[in-house]
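First residue of the sequence shown: 0, per numbering that gives the first Met the number 0; consecutive thereafter.
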Amino acid sequence: MFKPGISRGFTRRFSRSIPRTDLFGGGKIANPNQQIGAPSGKSETSANPADLFKKNDILMFSTKPINYIESVKPNGFHLSNNLFISSPDTNGDIIGALLVETETYEVNLSKEGFKIINGFLVEFSNDILKVFEKINPKPEILVVGLGKKSRMLSPDNRKYLSSLGIQLEVGDSSHSAQIFDLLSTERPKTIGALLLPPNV
Numbered sequence: 000m001f002k003p004g005i006s007r008g009f010t011r012r013f014s015r016s017i018p019r020t021d022l023f024g025g026g027k028i029a030n031p032n033q034q035i036g037a038p039s040g041k042s043e044t045s046a047n048p049a050d051l052f053k054k055n056d057i058l059m060f061s062t063k064p065i066n067y068i069e070s071v072k073p074n075g076f077h078l079s080n081n082l083f084i085s086s087p088d089t090n091g092d093i094i095g096a097l098l099v100e101t102e103t104y105e106v107n108l109s110k111e112g113f114k115i116i117n118g119f120l121v122e123f124s125n126d127i128l129k130v131f132e133k134i135n136p137k138p139e140i141l142v143v144g145l146g147k148k149s150r151m152l153s154p155d156n157r158k159y160l161s162s163l164g165i166q167l168e169v170g171d172s173s174h175s176a177q178i179f180d181l182l183s184t185e186r187p188k189t190i191g192a193l194l195l196p197p198n199v
């Protein structure tokens, strides 16, 4: 409160609040007898469901890597560089995919490349994993796809990759392909993938 003598030039005004039904401070005062409904012509729904996904795709305008996985087929992976890695191949061998930076490799897994223990534990052979000793720079995160269903990666494989300073994202091959696409778009050149075919 101002003291006399200090408040010279200041006039204190008291305001009376006007009851409004517009709670957000708009200039219009609503008629209390008026029915309130949804605004006409303001619908944001689209006839095409794909438009909803495009609208919410935060990476839509990001540069996608050359080996971006466009789709997972029942027998392999279709990549944006127009490669299709299918398994089994013409010789009947199981073919996996290795994606590192912009490079795409087919990995023959038939000759003791991996084994599935008790139906849920996947173990890659040392010959397959030793490739990560030779890659420079090594991927910070390796996305590992373990086939058509959720399985576990063997503790020995985890320990070996961890000793190389590589973190892991593990899941079934279809889900792992989506994770690879997301991470490699967000953080290019730091993500790799080793994927069993989706029909194993």
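Even glycine gets a Cβ: it sits at the ideal position worked out from N, Cα and C.
Note that the structure is a prediction, hence the values are computed from the model and not measured.
For K72, does the three-state DSSP call read helix, strand or coil?
The answer is strand: DSSP assigns K72 an E or B state.
Determine the DSSP secondary structure at N80, reduced to helix, strand or coil.
Note: N80 maps to coil in three-state DSSP.
List the endpoints of the continuous beta strand (DSSP E) containing K114.
Per DSSP, K114 belongs to the beta strand (DSSP E) from 113-116.
By DSSP, does L195 sit in helix, in strand, or in coil?
It is coil, neither helix nor strand.
For H77, collect the residues of the same chain with a Cβ closer than 6 Å to its Cβ; drop the 5 residues on either side in sequence, then sort them by chain order.
Counting only Cβ-Cβ distances below 6 Å, and skipping sequence neighbours, we find E69, S70, F83.
Within the same chain, show all residues whose beta-carbon is closer than 7 Å to that of N80, passing over the 5 residues directly before and after it, in chain order.
Result list for N80: I65, N66, T103, in chain order.
List the endpoints of the continuous alpha helix (DSSP H) containing F179.
172-185 is the extent of the alpha helix (DSSP H) around F179.
Helix, strand or coil for E100, going by three-state DSSP, please let me know.
Of the three classes helix, strand and coil, the one that applies to E100 here is coil, per DSSP.
For L226, write down the residues that DSSP places opposite it in a beta bridge.
Because residue 226 is not part of the residues shown, which for the chain are 0 to 199, the question remains open.
I need the straight-line Cα distance from S109 to D92, nearest angstrom please.
About 5 Å.
Excluding sequence positions up to five away, which residues of its chain have a Cβ less than 7 Å from the Cβ of N169?
One point to set straight first is that residue 169 is Val, not Asn, in the sequence displayed. V143, L145, L152, listed in sequence order.
So what does DSSP say about L120, is it helix, strand or coil?
Strand at L120.
Among N125, P136, N107, whose alpha-carbon lies nearest the alpha-carbon of K158?
When each option's Cα is compared against that of K158, the closest is N125.
Quick check on the burial criterion: 16 or more other C-beta atoms within 10 angstroms. Buried or exposed for I116?
When all chains shown are included, I116 counts as exposed.
Beta strand (DSSP E) containing I140: first to last residue?
Residues 140-144.
Could you give the distance in angstroms between the alpha-carbon of K72 and the alpha-carbon of S172?
Approximately 11 Å, taken between the alpha carbons.
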